[in-house]
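What follows is a set of notes on a single structure, which appears directly below.
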């Protein structure tokens, strides 16, 4: 049996592909592109034709770069597709045009797969993986997972950097909104009846990795996941990044965070800061591994046993 698997994660803003070695549990190659799938979703409730065409273009380009067949990849899509009224029509269009077959997964499955990837990553980085709180800030949803040894409790919250930015541009009420989210998150954490003092705080996805990269002197073009993995970020680093963005031109910010992310990064940092405050944590461990890695590992564990 072929030990290579290609996994695809189509999020609200990003399209991420991974070629993975099941035998050695190693990343062979990867592809990332901003596709802005949730553009206008808050207002219209649908995935636009323009966004659909951007995704098609990204699928075709990734197939050329990573040399894989779209029909053979294991593909998932998340919050934006869960919310879109035209999701079935969109998925059918993708399949007809490229052969790719996406499964819409719910927040619970998204959390389970992301956690699987993070546990492997913590072991790889030789970081204790018994008790930790995992934050995954997505474009359309935010997952918080509390892992206690072999058990975990997860909750998917209905806000992310893309949807919150779109809402914020209309209502200008971001900080009020985040205060309400704090109450919601605290309610979930309190319901677990756990003393979270000795739980480490781990964060994955674009916002935490971008902040860690800037702290380490990288920009979007010199980004190195191997250096970012296992780095720590604190509240001062968040403030530092916000100040950099405040004093930088659009061009400079694009160089730091990448095209298609500029308008969302500030809201992402405020969401990250909110979670720091709710958890009362001083620092967080940052990992690049997330859903697409979890999809690949899950496939390897269930389908490649023989």
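In the working numbering, the protein residues as written are 2 to 307. Virtual Cβ for every residue (Gly too), placed ideally from N, Cα, C.
- [ ] From the DSSP output, in three-state form, read off residue 149 for me.
- [x] Against the chain shown, residue 149 aligns to sequence position 148. Judged by DSSP in its simplified three-state form, residue 149 adopts strand.
Task: Range covered by the alpha helix (DSSP H) that runs through residue 178 - done: Residue mapping note: residue 178 aligns to position 177 of the chain shown, counting from 1. The continuous alpha helix (DSSP H) containing residue 178 extends over residues 175-192.
Open item on the list: Let me check one thing: in DSSP terms, what residues is residue 197 bridge-paired to?
Closed with: Residue numbering aside, residue 197 sits at position 196 when the chain shown is read from its first letter. Paired residue(s): none; residue 197 is not in a bridge.
TODO: Pick out whichever of 22, 279, 288 and 111 has its Cα sitting closest to the Cα of residue 183.
DONE: What you label residue 183 is simply residue 182 of the chain shown in a count that begins at 1. Measuring C-alpha to C-alpha distances from residue 183 to each of 22, 279, 288 and 111 identifies 279 as the nearest.
Open item on the list: Can you tell me whether residue 288 is helix, strand or coil according to DSSP?
Closed with: Sequence index remark: in the chain shown, residue 288 carries index 287 (1-based). In this structure, residue 288 counts as strand in the three-state DSSP scheme.
Task: CB contact check: residue 143 to chain D, cutoff 7 Å - done: Among the protein chains of the structure shown there is no chain D, as only one such chain exists.
Task: Whole-angstrom distance between residue 225 and residue 307, CA atom to CA atom - done: Counting from one through the chain shown, the residue named residue 307 turns up at place 306. Counting from one through the chain shown, the residue named residue 225 turns up at place 224. Low confidence applies to residue 307: its pLDDT is 47, below 50, so where it sits in the model is not reliable, and the reading given next is rough at best. Roughly 34 Å between the two C-alpha positions.
Task: Beta-carbon proximity check, residue 297 vs residue 21, cutoff 7 Å - done: Indexing the chain shown from 1 puts residue 297 at position 296. Indexing the chain shown from 1 puts residue 21 at position 20. Note that the C-beta distance between residue 297 and residue 21 is below 7 Å.
Task: Same chain, Cβ closer than 6 Å to residue 158, five either side skipped, listed in chain order - done: As a working note, residue 158 is residue 157 in the chain shown. Cβ neighbours of residue 158 beyond the five flanking positions: 143.
Task: Alpha carbon of residue 2 to alpha carbon of residue 195, nearest angstrom - done: Stepping through the chain shown from its first residue, residue 2 is reached at position 1. Stepping through the chain shown from its first residue, residue 195 is reached at position 194. In this prediction, residue 2 scores a pLDDT of 46, lower than 50, which makes its location untrustworthy; no coordinate-derived value is stated.
Open item on the list: For a test of the three-state rule: what should DSSP assign to residue 202, helix, strand or coil?
Closed with: Within the chain shown, numbered from 1, the residue matching residue 202 stands at position 201. Three-state result, residue 202: strand.
Task: Identity of the residue in 247, 181 and 191 nearest residue 155 by Cα - done: The residue labelled residue 155 in the question sits at position 154 within the chain shown. The candidate whose alpha carbon is nearest that of residue 155 is 191.
Task: Distance CB(residue 11)-CB(residue 78) smaller than 7 Å - done: Your numbering for residue 11 matches position 10 in the chain shown. Your numbering for residue 78 matches position 77 in the chain shown. It is a contact, given that the beta carbons lie within the stated cut-off.
TODO: Would you mind giving the Cβ-Cβ distance between residue 276 and residue 242, rounded to the nearest angstrom? I have them listed as a contact below 8 Å.
DONE: The residue you call residue 276 lines up with position 275 of the chain shown. The residue you call residue 242 lines up with position 241 of the chain shown. Not a contact, Cβ separation roughly 15 Å.
- [ ] Could you have a look at residue 263 and say whether DSSP puts it in helix, strand or coil?
- [x] Along the chain shown, read from residue 1 onward, the residue named residue 263 stands at position 262. DSSP, reduced to helix, strand and coil, places residue 263 within a helical segment of the structure shown.
Open item on the list: Classify residue 239: buried if its beta carbon has 16 or more other beta carbons within 10 angstroms, exposed otherwise.
Closed with: The residue you call residue 239 lines up with position 238 of the chain shown. Around the beta carbon of residue 239, 16 or more other beta carbons sit within 10 angstroms, so the residue counts as buried.
Open item on the list: Measuring only the C-alpha atoms, how far is residue 87 from residue 283?
Closed with: Indexing the chain shown from 1 puts residue 87 at position 86. Indexing the chain shown from 1 puts residue 283 at position 282. The straight-line gap from Cα to Cα measures roughly 42 Å.
Task: Per-residue burial, residue 1 [other beta carbons within 10 Å of its own, 16 or more giving buried] - done: With the chain running from 2 to 307 in the structure shown, residue 1 is simply not present.
- [ ] Grab the span of the beta strand (DSSP E) containing residue 136 for me, first residue to last.
- [x] The residue given as residue 136 occupies position 135 in the chain shown. That run of the beta strand (DSSP E) goes 132-138.
Open item on the list: Can you give me the C-alpha to C-alpha distance between residue 125 and residue 53, rounded to a whole angstrom?
Closed with: Numbered from its first residue, the chain shown carries residue 125 at position 124. Numbered from its first residue, the chain shown carries residue 53 at position 52. Going from the Cα of residue 125 to the Cα of residue 53 covers about 36 Å.
TODO: Per DSSP, which residues does residue 49 bridge with? Please list them.
DONE: To locate residue 49, count along the chain shown from 1; it is residue 48. Residue pairing for residue 49: DSSP places it in no beta bridge.
Open item on the list: Can you list, in chain order, the residues of its chain with a C-beta nearer than 8 Å to that of residue 93? Leave out the 5 residues immediately preceding and following it.
Closed with: Counting from 1 along the chain shown, the entry for residue 93 is found at position 92. Nothing meets the Cβ criterion.
Open item on the list: Output needed for residue 5: all residues of its chain with C-beta closer than 8 Å, excluding positions within five of it in sequence on either side, in chain order.
Closed with: As a working mapping, residue 5 is identified with position 4 in the chain shown. So the qualifying residues of the chain are 20, 21, 22, 23 and 29.
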